[in-house]
Ligand SMILES: [Zn+2]
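Residue numbers (our numbering): 230 to 404.
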């Protein structure tokens, strides 16, 4: 990554390179602020409809423009990830969902930005909910296990493999 000068968010003075916990980081000599390289937290949600198909959206924004993806997005500072997941479903597939369980946690390595920790949930559409395309989606559709589309992101593909594994473990169809 290109090296650019950073400044303290508290004092405005240039940060100095410092070794902390075995990592080279930038810190403020004056107030002790450390520019930690923390990952961003995102959610991704496998939303089942009443036929146990998965509701997905085709992206109308970059990255992944034109490709299918699961609803999800960044978790706000004051939000529980499950609440963020429900909010993102409202925004992206325009439907209320109920979180059923945690599906998995995924690490998304980035070379040009902070890495991400993806928290995958399994959710169901609330009874009677009708899906629609949110602002960032070109369209939404539901897919059965046998007809899943190619997904834009590797973390979404991992979440779908975890979802398929749950299916395989089901002894019989319950609902
Ligand atoms: Zn400072």
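We put the beta carbon where it would ideally sit given N, CA and C, even for glycine.
- For residue 263, the distance from the CB to the nearest heavy atom of ligand 1 is not below 7 Å.
- For residue 319, the enclosing alpha helix (DSSP H) covers residues 310 to 321.
- Residue 382 is classed as buried because its beta carbon has at least 16 other beta carbons within 10 Å across all chains shown.
- Taking a contact as a CB-CB distance under 8 Å, the pair residue 278 and residue 271 does not count as one, their CB atoms being some 23 Å apart.
- Cβ atoms of residue 254 and residue 265 come within 8 Å of each other, at about 7 Å.
- Bounds of any beta strand (DSSP E) do not take in residue 393; it lies within the alpha helix (DSSP H) bounded by 383 to 398.
- Beta-bridge partners of residue 348 (DSSP): 272, 334.
- Where residue 369 is concerned, the enclosing beta strand (DSSP E) starts and stops at 366 to 372.
- Separation of the CB atoms of residue 385 and residue 332 is rounded to 11 Å, and the pair is thereby denied contact status at 8 Å.
- Comparing alpha carbon positions, the residue from 268, 261, 234 closest to residue 344 is 268.
- Distances between the C-beta of residue 257 and the heavy atoms of ligand 1 include at least one below 7 Å.
- Residue burial annotation: residue 396 is exposed, with fewer than 16 other C-beta atoms found within 10 angstroms of its C-beta.
- Residue state for residue 376 is assigned as helix, using DSSP reduced to three classes.
- The alpha-carbon of residue 276 is positioned some 42 Å away from that of residue 233.
- The criterion of a C-beta distance shorter than 8 Å is not satisfied by residue 327 and residue 365.
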